[in-house]
Amino acid sequence: MALTSDDGSGLVTKDGGTNLFVSSRPTAQTLPQGPFSVYAQHNAHFNSIRRDICPRQAFICDLLLEIQKFLDLGDHLILMLDGNSNMKNSDLSKSLSQLSLSEAILGRHGNDGPATHKRNSTGTPIDGIWFSPGLEIQRGGYLEYDAMLQFDHRCLWVDLSFQNAFGHNMAPIHKKQARRLHCRDPRLVQNYIHLYHQLAHPLNLFQRVRDLEQRAPLMSKLEVIHEYETLDALRCEVTASADRRCRKLRTGQVAFSPELNANRMRIKVWLLLIAKLKNRKISSRLIKRSLKKRQYDNGG
Amino acid sequence: MTTEVRCLDLKSLQVRLKEEYKDYYKIKRQAHQLRATALENLAEALAEQGNSDKEKMLKALRSREQQRATARKIKFLRGKIRTNSTTLVTVTDTDGTKIDITE
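Protein chains in written order, with this note's numbering: chain H, 84 to 383; chain D, 19 to 121.
Below, the structure is given as structure tokens:
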């Protein structure tokens with residue numbers, strides 16, 4: 084027996100794993116009846132290949148081996164089983180439990196479930212749906228006989244959440260962008276206005292607006308709309324640019340390291356020298372000290 | 019002042035500054051890795067100085083870093099992350115108008 088996920092019974096989850104659905108049915112646990120029973124046929128097959136094993140035991144061994152392979156790959160497994168044996172306590176259920184598989188319906192509702200076969204008079208469920216760890220049903224149960232199909236077994240059903248079965252990719256969290264421009268600080272407003280004028284001046288924006296205002300009565304409506312839209316697009320660009328540059332967000336969070344500090348020192352030296360050349364009041368000793376530090380950082 | 023620096027004019031200085039800023043932003047992106055390397059070097063130096071184990075020192079330094087990060091988060095939650103000096107004062111005039119003083 085070989086279980087494969089290529090025959091359409093496997094579904095790929097969001098994290099790249101596979102949910103494998105397997106339906107299976109071993110031979111009956113009771114003693115074989117007649118030469119044409121399934122047990123007898125399987126027994127004959129094993130005899131022909133010289134494998135001295137009970138067909139039911141062979142089924143269990145092969146099934147466990149295949150399940151283990153998929154569990155090792157990290158796949159989820161849903162095994163729908165007509166076990167022909169008690170799903171609460173039998174060789175098959177014990178073997179599956181050893182692989183950390185659990186019967187979903189009994190696990191949810193307890194062991195007082197009904198018989199799942201018409202001829203069963205002991206009240207033992209011989210069918211079950213086994214889940215590998217990580218899968219959990221929301222609802223599940225047994226339907227009445229012949230509720231879905233004319234059949235001597237009950238129909239078993241389970242309801243599995245989509246997220247549990249296939250995983251969940253969280254929507255990306257959008258970081259709230261800080262507003263650089265606000266009216267609480269007059270310096271900021273001044274800075275914004277200054278930048279706006281600085282950026283609008285080379286584009287001749289204010290003059291063009293005045294021109295449009297004067298020429299508008301002589302222009303057609305379409306021309307006015309077109310010119311207005313052009314100016315508006317320009318204005319939006321300038322506004323956005325000034326907004327971006329009006330305030331530097333000093334968020335810090337830059338971890339200190341000697342390399343970074345050396346770089347900062349070098350920047351400081353160049354800034355001091357530029358200021359000195361621009362005839363600002365800068366202490367020569369400060370420049371000397373900074374240069375010395377810079378040389379020290381450079382290993383000079 | 020070194021002779022090389024003395025000979026530079028304003029334009030050359032500005033070019034140097036621009037290059038330095040380019041390097042700075044490049045290094046800034048790797049700040050956390052550089053910090054980790056610096057801590058390792060520091061642990062090694064401290065271990066040599068104090069006849070201790072490098073691993074122990076490194077563990078202690080990393081634990082301290084973790085504590086600092088946690089404390090900073092708590093400070094942020096308490097709204098105490100910025101306690102800089104006052105740069106803006108709003109005063110009410112005799113006629114009731116509010117004036118912001120920034121200088």
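A virtual CB, placed ideally from N, CA and C, is assigned to each residue, including glycine.
Quantities reported herein were computed from a predicted structural model and do not represent experimental measurements.
Neighbours of ILE45 of chain D across chain H, judged by C-beta separation under 8 Å: GLU342, LEU343, ASN346. Residue contact with chain D for ARG327 of chain H: absent (no Cβ-Cβ distance below 8 Å to any residue of chain D). Ranked by how close their Cα comes to the Cα of CYS137 of chain H, the residues H:VAL121, H:LYS152, H:GLU149 have H:VAL121 in first place.
Boundaries for ARG133 of chain H: no beta strand (DSSP E) harbours it, and the DSSP string shows neither H nor E there. With a minimum length of 4 residues, the unbroken runs of alpha helix (DSSP H) contained wholly in the stretch 216–270 of chain H fall at 245–249. Using a Cβ distance threshold of 8 Å, VAL105 of chain H and ILE188 of chain H do not count as a contacting pair.
By the neighbour-count criterion, in which 16 or more other beta carbons inside 10 Å mark a residue as buried, PRO197 of chain H falls on the exposed side. Nearest in C-alpha terms to LEU76 of chain D, of all of D:THR120, D:GLU58, D:TYR39, is D:GLU58.
In this structure, DSSP gives LEU301 of chain H a helical state, which the three-state scheme calls helix. At a cut-off of 8 Å between C-beta atoms, LEU332 of chain H does not count as an interface residue with respect to chain D. At least one C-beta of chain H is nearer than 8 Å to the C-beta of ALA49 of chain D. Leaving aside the five residues that flank CYS266 of chain H on each side, the residues in its chain whose CB is nearer than 8 Å to its CB run, in chain order, VAL272.
For ILE188 of chain H, the secondary structure class from DSSP, reduced to helix, strand or coil, is helix.
With fewer than three CB-CB distances shorter than 8 Å, the stretch 344–355 of chain H does not count as touching the stretch 50–70 of chain D.
Within the DSSP secondary-structure output, VAL107 of chain D pairs in a beta bridge with D:ILE119. Taken through DSSP and simplified to helix, strand or coil, SER367 of chain H comes out as helix.
Distance from the Cα of LEU295 of chain H is smallest, within the candidate group H:LEU305, H:ASP158, H:TYR311, H:ILE143, for H:TYR311. Assignment of MET348 of chain H by DSSP, reduced to helix, strand and coil, places it in the helix class.
Residue-level contact by beta carbon holds for ALA338 of chain H and chain D, with a gap shorter than 8 Å.
Per DSSP, PHE153 of chain H is one residue of the alpha helix (DSSP H) stretching across 138–155. In this structure, the alpha-carbon of LEU282 of chain H lies about 26 Å from that of THR334 of chain H. DSSP places VAL337 of chain H outside both helix and strand once states are collapsed to three, so it counts as coil. Residue burial is scored here from C-beta neighbours: CYS329 of chain H has at least 16 other C-beta atoms within 10 angstroms and is therefore classed as buried.
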